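> Just so you know, the protein sequences line up as chains W and Y, in that order.
Per the UniProt record's numbering, the first sequence starts with residue 1, numbered consecutively.
Per the UniProt record's numbering, the second sequence starts with residue 1, numbered consecutively.
Just passing along the structure, written as structure tokens.
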Amino acid sequence: MKENFNSRKELTDSMANAIYHGEMSNEKIAGLLSKLNKDSKSPPNREAKTNEKKVGIFTLRNIDGENCFVRDQKFKADFPYWNKTMNVIKEKSPKKKRVVLLGESVARGWLYEPLHAPAEVLEDILHQHFSQDIEVVDLAVTSINAREILELCEEALALSPDAFVIYAGNNWKQSVIACLTDAEGYEIYRELVSGKPGYAVISTLVSKAFSRMVDIFFIQLKRITSGRNLEMVFIIPAFNLMDFQSSEIEKEMFMPNLKARAWMQARAQGLNFLEKNDLESLAKLAQELIDLNSFHSLGYEWLAKCKLAAGDLKSAKKLLETACQTAIYRVTSTSSRFFVGLKEPIVKNCHANKVHYVTMDEVFEQHLNGGLPDRTLFLDYSHLTIKGIELSMIACAKTLIKAWSGAEAEPQIDSYEIKCDPQMASTAHFLAAMHNNLCGQSFEIIDYHCRKAFEYDKRILSKMNAYIRMSLSKTPWKINKESLAFVGNNLIQMGMFRYEPHAKIHSALLRSIGKILRENNLAEDLDVILLEEHTISGEETDLLTTKYAADSMLCMTELLAKEKGFYSEIKLESKFYFVASFQHSVLAKLTYRVPGGSADKIKLVVNGKLQVELPAHPKWSTHSFDIPLSDLQSGINELSIHWVLPSSGTGKNKPMTSITDLNEVISPVLGEIQALSVREEEHLLSKPSINNLSEVINIFSGEEIERDRSGDLFVEGEELII
Amino acid sequence: MNIIGISAFYHDSACCLIKDGALIAAAQEERFSRLKNDPGLPVKSFKHCLKEGKISINDVDRIAFYENPVKKLSRQLWCGYNYLDPELTKKMDPRRPEKEIRDKLGYEGKIEFVDHHLSHAASSFLFSGYESSAILTVDGVGEWATTTYATGEQNSIRIMEEVCFPDSLGLLYSAITNYLGFNVNSGEYKVMGLAPYGKPVYLDLLLKVIKPGTNGQFSLNMDYFDFTSGTRMFTEKLEALLGNKPRKKESELLAFHLDIAKSLQVLLQDVLLEKSKYLHSITGKENLCLAGGVALNCVANGYILRNGPFKRLFVPPAANDAGGAQGAAAVVYCQLSGKKISTSPLKTTYLGASFSDKEIEIVLKNTSLKGVSYQGRREELLNETAKRLADGKVIGWFQGRAEFGPRALGSRSILADPRNPEMRDRINQMVKKRESFRPFAPVIPEEKCAIYFELDHPSPFMLETCSVKPFHDLPAITHVDNSARVQTVNRRDNAMLADLLSAFEKITDCPILLNTSFNVRGEPIVNSPADALICFSVANLDALVIGDTLIDRNQFQIDELNKLINCFDSTWVPVRTDRGVYTFI
């Protein structure tokens with residue numbers, strides 16, 4: 001027995017050693033594992049599958065002799081993603097037709113539901129044509145992906161549907177990427193590190209992945225629905241081309257190659273043209289940017305701006321669709337969106353599989369008389385306004401009516417925009433402002449939604465007031481009394497509040513709210529709160545917390561996705577905010593490194609004034625420096641670190657081990673910060689103190705922080721306007 | 001010299017800092033992440049250690065990891081785990097600790113790997129203050145060893161013998177814990193608390209599952225166990241042996257279950273006593289240092305000290321895997337410096353996060369709760385607190401730096417009057433929402449301990465039990481077998497708590513308080529002021545003393561707060577693991 005133990009241990013000891021030193025192939029490991037003469041174990045703690053019949057969060061139950069699907073508490077954690085009011089799905093009545101609506105948050109009517117949901121609108125419209133003999137079951141689920149939709153379709157057959165409406169495609173990015181084989185991934189990797197302009201190979205491979213992904217989806221859908229007498233409608237989503245901008249990360253240079261510096265210079269030049277409104281020069285330069293890196297959105301966005309100005313909507317639309325699609329080339333996260341590359345394969349598959357389809361971009365284009373989809377139809381990148389929902393459901397209803405009755409119908413309905421509850425619309429626009437803020441959108445669009453919210457219902461001011469106070473406070477929202485303003489209102493998407501750490505002391509949203517509150521004489525004490533809660537007087541304040549880092553949630557999610565103990569920056573500039581009393585100088589302390597190192601120097605800048613230049617060391621180094629009173633301003637100050645471009649393509653000499661290695665090439669880390677803190681130096685009293693707090697700051701006037709823009713530090717600029 | 005110690009990727013991950021020989025910071029990741037028994041890399045604890053040490057990452061001279069990943073992989077392969085399963089490859093990868101330390105902590109310097117049981121041994125001996133000692137480590141499993149016999153001299157440790165996997169006292173205890181319907185890795189201490197209610201009538205049967213061996217050896221009869229599979233802890237044969245099906249979680253506890261618990265506890269104590277005698281025979285030492293998860297069994301600790309050959313016993317407050325971080329760091333420090341640990345004997349376990357009164361005030365002022373600040377009036381605060389305790393109130397106590405280790409020792413505690421016969425049931429049911437049989441511990445000034453308890457030496461870490469002396473009526477902290485898990489305290493190590501005991505004594509003539517951890521079932525002990533306010537709100541506590549502020553329970557205020565907490569909790573349920581098997585990987 002002991003002998004057996006020892007010989008087995010000798011073998012596993014040598015295997016473990018060889019694996020550790022990378023000296024054993026998988027084939028060899030497999031051989032030895034089988035030699036160990038024991039069944040290989042499955043991972044523990046896997047849940048056993050049950051045979052219980054379910055449809056999503058609903059489980060089959062017999063109630064008073066009727067088989068119903070009932071909301072099951074064991075799926076409680078998923079409830080926020082589903083229809084909030086439907087508790088039971090009854091057995092289908094033989095007298096009624098049943099439509100099952102499946103889809104993502106867009107199909108949920110996100111930000112309006114449960115008071116206003118696409119499924120209800122669809123049912124409402126269909127009732128006009130079919131009287132009450134039709135019902136729509138709402139199975140739309142926020143954040144659902146392609147695979148999950150197919151699973152849900154399969155389960156939903158138990159509801160005996162007469163039609164499936166699938167409104168999806170916004171969350172398919174990962175499914176597309178998953179369709180790339182390892183060999184294709186490696187090919188992309190080689191292309192990227194080669195630094196070839198254009199990257200034609202990658203473009204072709206990604207197009208193939210779009211088609212492959214859609215083909216697989218429809219093959220599965222056909223398998224699931226075969227033999228069923230089902231009408232199917234696929235609603236192909238659209239994107240808010242006019243009013244959803246690239247996030248800060250998307251605006252930055254990525255996929256570095258030998259042309260990176262040329263790209264940066266061209267961008268800087270383009271910003272100048274923009275400022276001068278020299279669109280002719282901008283158009284040429286935009287094309288140059290596209291030629292240098294066809295996978296970056298900026299060139300397309302600028303060119304679209306020029307086309308729009310020239311009234312060429314068709315070309316502008318194509319360019320903005322291409323700009324939107326560049327997000328596919330980022331392996332890291334981005335806001336969910338519909339890629340135009342999916343449209344053609346979906347249409348092709350719909351034809352091949354006798355699935356009806358509605359293309360929302362065409363519906364919207366018709367509604368806008370050839371205009372591009374904008375904020376009147378979208379609350380953010382893809383979630384629809386009341387008008388957007390109305391148009392999509394009318395189009396869907398027309399398709400179903402035609403499928404069932406052969407008739408071309410033109411439903412006449414009262415505008416939902418007019419008859420909607422103003423409180424609901426107001427709340428939705430305020431939530432849209434919050435969401436756009438999390439996505440790093442511009443002050444202009446965020447302010448639009450805040451004001452729209454105010455326009456619909458002035459009572460929203462109390463929520464805005466609570467929100468700004470929660471954001472400035474260090475008390476977690478879960479126990480912050482101001483949060484009570486949002487509790488008990490079923491319109492409020494509490495899920496959005498989990499992004500609490502992304503409530504910054506300085507953001508476009510706070511600026512907008514602050515401005516509106518001030519206009520309504522409700523912001524007097526905000527400056528005092530800010531100073532009291534965030535003073536750095538005598539206390540070392542860690543600026544690496546999300547409260548003080550400038551990046552939006554979307555960027556931070558990307559930066560912090562790996563749960564690192566330090567801050568990784570993939571943009572050329574990292575920005576942080578801190579609150580100074582304007583009485584003392586500030587001591588800042590930074591521990592940083594620059595992966596790969598560079599001969600260039602990084603720059604530390606406060607309110608636009610250069611403080612210090614530091615070597616771009618590849619190893620951690622710590623530096624302290626005083627920020628003189630003359631460079632500070634009372635209230636919120638901006639500290640930024642300007643990183644340097646890597647001298648050569650990152651990852652060039654590293655073998656690719658998985659598709660995620662593409663990240664390193666697409667979005668190389670330009671700088672890392674292990675610690676960044678600030679503290680007011682009380683002993684360095686260099687200016688008479690200001691005792692009256694009300695004199696100190698006026699931060700919520702809606703203005704940007706004052707920055708010294710002289711010198712060549714900002715030559716590259718940072719604002720993109722499309 | 002700055003040495004960081006890390007334990008991770010198993011359960012109870014933790015990080016500590018030894019700065020110039022002194023243990024100055026240590027914390028379990030769960031306190032920050034709020035994920036009970038968080039097994040991940042202790043990223044937040046690492047930052048805590050740097051902050052407490054006032055050092056940056058480039059001041060760290062070494063990171064010491066608490067086990068050898070190659071040896072561990074060998075054992076996992078031995079068990080038959082399919083290394084090529086992608087899910088397992090990631091978890092079993094022997095380069096994972098180094099890779100994650102580099103990638104996630106950003107550490108660029110040298111990493112040392114210290115064997116699991118050497119880390120345990122060091123966490124005890126190198127902090128014991130003993131010049132020389134025998135060392136016994138016992139746990140579920142590390143790499144291969146499950147039990148080791150060692151000696152310590154000055155600043156070095158020599159392991160003399162070890163018992164190897166799958167023969168493991170820890171896993172035996174865990175398997176029966178699981179049979180009794182409790183979670184592995186957390187339910188063991190419940191079984192220990194349950195044992196005094198039963199009779200050791202199944203001892204003979206349990207003796208069939210473990211065979212004595214020569215010297216320090218023993219072996220398990222693997223016909224009864226299946227923990228090597230990673231899917232279940234025991235076989236049907238064990239069920240047949242004990243004559244009953246395993247107890248379902250949360251189902252009624254029958255006399256049978258109590259008797260099994262008692263039999264198991266007796267078995268463990270007997271084996272440990274026998275092995276400690278063996279250890280004494282080969283070392284001849286007077287001192288014994290214990291460590292490893294089994295060393296948290298304070299009943300067994302007290303038993304082997306009372307009945308065994310050793311004169312003195314030291315058990316570190318974090319005797320479990322979290323303490324492995326501390327031991328690994330100490331080993332590396334001693335090797336590099338040639339010196340001893342300067343904070344030995346370990347006097348305090350207050351090595352975690354602390355919050356200033358200003359920080360507490362800022363968090364509190366934006367909640368619905370209203371408190372009274374006693375800033376600069378500490379005596380008054382203590383008198384008010386003592387008054388409430390004497391009136392039968394249950395109080396949340398949040399002071400200073402958090403404790404390192406699984407026990408709350410007066411920084412993050414719930415305190416109550418031990419004389420109240422209803423107090424135990426009330427705290428178990430209303431406050432901590434846990435099983436009614438679970439006992440509570442007393443805290444008493446060091447100098448008064450011998451008056452009330454059969455204990456002649458300090459017990460600052462609550463790691464041994466003793467009998468309550470006759471004629472003292474302390475029903476809330478006296479277990480059914482007249483035992484108590486005593487914590488002694490002195491003014492030097494915790495002046496605030498010591499003074500509170502004095503204030504309570506002045507009112508009641510009783511210098512003892514019931515002390516239990518400040519958390520509810522399934523949650524880690526509170527760490528931050530916000531955690532404390534949440535726990536205060538949901539745990540039906542009568543008052544909270546947080547820094548220099550006293551908050552009395554006001555139902556309206558609590559209702560407002562609970563409304564928020566429930567709303568947020570219902571929209572976001574953090575992922576938790578409910579362990580039914582030992583987490584090998």
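A virtual CB, placed ideally from N, CA and C, is assigned to each residue, including glycine.
What you are looking at is a predicted structure, and each value in this text was computed from that prediction instead of being measured.
Which residues, taken in chain order from the region 235 to 260 of chain Y, show a beta carbon closer than 8 Å to some beta carbon of chain W?
Against chain W - using a Cβ distance shorter than 8 Å - the region 235 to 260 of chain Y contributes no residues.
> Looking at the structure shown, is valine 363(Y) part of a helix, part of a strand, or coil, going by DSSP?
In the second sequence, residue 363(Y) corresponds to position 363, counting from 1. It is helical.
> Between glutamate 533(W) and chain Y, is there a C-beta pair that is closer than 7 Å?
Looking up residue 533(W) in the first sequence gives position 533. Closer than 7 Å: yes.
> Just to confirm before moving on: does the CB-CB distance between residue 625(Y) and phenylalanine 165(Y) stay below 7 Å?
Outside the displayed range of chain Y (1 to 585) lies residue 625(Y), so it cannot be described from this structure.
> Taking the C-alpha atoms as reference points, what is the distance between glutamate 718(W) and isoleucine 414(Y)?
Position 718 of the first sequence, counting from 1, holds the residue named residue 718(W). Position 414 of the second sequence, counting from 1, holds the residue named residue 414(Y). Because the pLDDT at glutamate 718(W) is just 28, under 50, the model does not fix this residue reliably, and the point stays unresolved.
> The alpha helix (DSSP H) spanning proline 422(W) covers which residue range?
In the first sequence, residue 422(W) corresponds to position 422, counting from 1. Where proline 422(W) is concerned, the enclosing alpha helix (DSSP H) stretches over 422 to 438.
> Is the Cβ of isoleucine 57(Y) closer than 7 Å to any Cβ of chain W?
Counting from 1 along the second sequence, the entry for residue 57(Y) is found at position 57. Interface residue, yes.
> Less than 7 Å between the C-beta atoms of cysteine 289(Y) and glutamate 464(Y), yes or no?
As a working mapping, residue 289(Y) is identified with position 289 in the second sequence. As a working mapping, residue 464(Y) is identified with position 464 in the second sequence. Cβ distance not < 7 Å, so cysteine 289(Y) and glutamate 464(Y) don't count as in contact.
> Give every residue of the same chain whose Cβ lies closer than 7 Å to the Cβ of serine 297(W), excluding the five residues on either side of it in the sequence, and list them in chain order.
As a position in the first sequence, residue 297(W) is number 297, starting the count at 1. Ser246, Glu250, Ala323, Thr326, listed in sequence order.
> Would you decide whether leucine 17(Y) is buried or exposed? Buried here means 16 or more other CB atoms lie within 10 Å of its CB.
For this step, residue 17(Y) is matched to residue 17 along the second sequence. Buried, because 16 or more other Cβ atoms sit within 10 Å of the Cβ of leucine 17(Y).
> Can you tell me whether tyrosine 544(W) is helix, strand or coil according to DSSP?
For the purposes of this step, residue 544(W) is taken as the residue at position 544 of the first sequence. According to the sequence displayed, residue 544(W) carries leucine and not tyrosine. Three-state DSSP puts leucine 544(W) in coil, outside helix and strand.
> Could you pull out every unbroken alpha helix (DSSP H) segment of at least 4 residues lying fully inside the region 179 to 203 of chain W, listed in chain order?
With a minimum length of 4 residues, the continuous alpha helix (DSSP H) runs that stay inside the region 179 to 203 of chain W are 182 to 194.
> Just curious, the beta strand (DSSP E) that asparagine 62(W) is in, first and last residue?
In the first sequence, the residue the question calls residue 62(W) occupies position 62. Here the beta strand (DSSP E) through asparagine 62(W) covers 58 to 63.
> To the nearest angstrom, how far is the alpha carbon of serine 335(W) from that of serine 207(W)?
Counting from one through the first sequence, the residue named residue 335(W) turns up at place 335. Counting from one through the first sequence, the residue named residue 207(W) turns up at place 207. Cα-Cα distance, rounded: 20 Å.
> Thinking C-beta only, is tryptophan 144(Y) closer than 7 Å to arginine 75(Y)?
Here the question's residue 75(Y) lines up with position 75 in the second sequence. Here the question's residue 144(Y) lines up with position 144 in the second sequence. Yes. Within cutoff.
> Across which residues does DSSP place isoleucine 3(Y) in a beta bridge pair?
Reading the second sequence from its first residue, position 3 is the one you call residue 3(Y). Answer by DSSP bridge pairing, in chain order: Ile18(Y), Arg62(Y).
> At which residue ranges does the region 298 to 372 of chain Y contain complete alpha helix (DSSP H) runs of 4 or more residues, listed in the order of the chain?
Runs found: 298 to 307, 322 to 337, 357 to 365.
> Determine the direct distance from the alpha carbon of leucine 139(W) to that of asparagine 83(W), and round the result to whole angstroms.
Taking the first residue of the first sequence as position 1, residue 83(W) is located at position 83. Taking the first residue of the first sequence as position 1, residue 139(W) is located at position 139. Roughly 7 Å separates the two Cα atoms.
> Could you say if the region 195 to 207 of chain Y and the region 260 to 276 of chain Y meet the contact criterion of at least three C-beta pairs nearer than 8 Å?
Counting Cβ pairs under 8 Å, three or more are found: they touch.
> Could you tell me which chain Y residues have their CB closer than 8 Å to the CB of serine 621(W), listed as they occur along the chain?
In the first sequence, counting from the first residue as 1, residue 621(W) sits at position 621. Simply Asn58.
> Could you tell me which chain Y residues have their CB closer than 7 Å to the CB of glutamate 569(W), listed as they occur along the chain?
On the first sequence, position 569 is the one that residue 569(W) refers to. Those within 7 Å of glutamate 569(W) in chain Y number zero; the least Cβ separation is about 13 Å.
> Which same chain residues end up closer than 8 Å to alanine 450(Y) when comparing Cβ atoms and leaving out the 5 residues on each side of it in sequence?
As a position in the second sequence, residue 450(Y) is number 450, starting the count at 1. Excluding sequence neighbours, alanine 450(Y) sits near Asp456.
> For asparagine 17(W), go through chain Y and note every residue whose CB falls closer than 7 Å to its CB, in chain order.
The residue labelled residue 17(W) in the question sits at position 17 within the first sequence. The contacting residues are Val70.
> Check whether the Cβ atoms of arginine 401(Y) and glycine 323(Y) lie closer than 7 Å to each other.
Mapped onto the second sequence, residue 401(Y) falls at position 401. Mapped onto the second sequence, residue 323(Y) falls at position 323. In this structure, glycine 323(Y) does not lie closer than 7 Å to arginine 401(Y) by Cβ.
> Would you say isoleucine 401(W) and alanine 409(W) are within 7 Å of each other, going by their C-beta atoms?
By 1-based counting over the first sequence, the position of residue 401(W) is 401. By 1-based counting over the first sequence, the position of residue 409(W) is 409. Taking 7 Å as the Cβ cut-off, isoleucine 401(W) and alanine 409(W) qualify as a contacting pair.
> Listing by chain order, which chain Y residues have their CB less than 7 Å from the CB of serine 473(W)?
Within the first sequence, residue 473(W) is the residue found at index 473, counting from 1. In chain order: Asn366.
> Would you check if the distance between the CB atom of valine 363(W) and the CB atom of alanine 397(W) is smaller than 7 Å?
Taking the first residue of the first sequence as position 1, residue 363(W) is located at position 363. Taking the first residue of the first sequence as position 1, residue 397(W) is located at position 397. No, they are not a contact pair.
> If I follow the unbroken beta strand (DSSP E) through lysine 603(W), where does it start and stop?
Against the first sequence, residue 603(W) aligns to sequence position 603. Unbroken beta strand (DSSP E) run through lysine 603(W): 598 to 606.
> Locate the alpha helix (DSSP H) running through lysine 387(W), then write down its first and last residues.
Within the first sequence, residue 387(W) is the residue found at index 387, counting from 1. Residues 386 to 405.
> Specify the secondary structure class of valine 431(Y) as computed by DSSP and reduced to three states.
Position 431 of the second sequence, counted from the first residue, corresponds to residue 431(Y). Helix.
> Going straight from the alpha carbon of leucine 472(W) to that of alanine 503(W), what length do you get?
On the first sequence, residue 472(W) is found 472 positions in, with the first residue counted as 1. On the first sequence, residue 503(W) is found 503 positions in, with the first residue counted as 1. Roughly 8 Å between the two C-alpha positions.
> Any chance the region 416 to 435 of chain Y sits against the region 353 to 370 of chain Y, with 3 or more Cβ pairs inside 8 Å?
Result no; under three Cβ-Cβ pairs closer than 8 Å.
> Please confirm whether glutamate 143(Y) has its beta-carbon closer than 7 Å to some beta-carbon of chain W.
Position 143 of the second sequence holds residue 143(Y). So, not an interface residue.
> Quick one: grab the DSSP three-state call for asparagine 67(W).
One-based indexing of the first sequence puts residue 67(W) at position 67. Looking at asparagine 67(W) - three-state DSSP - the assignment turns out to be strand.
> Using a Cβ cut-off of 9 Å, which residues of the region 460 to 485 of chain W contact any Cβ in chain Y, in chain order?
The residues in question are Arg469, Met470, Ser473, Lys474, Thr475, Pro476, Trp477, Lys478, Ile479, Asn480, Lys481, Glu482, Ser483, Leu484.
> Please identify, using Cβ separations under 7 Å, the residues of the region 513 to 544 of chain Y that lie next to chain W, in order along the chain.
The region 513 to 544 of chain Y vs chain W, Cβ under 7 Å: Ala530, Leu533, Ile534.
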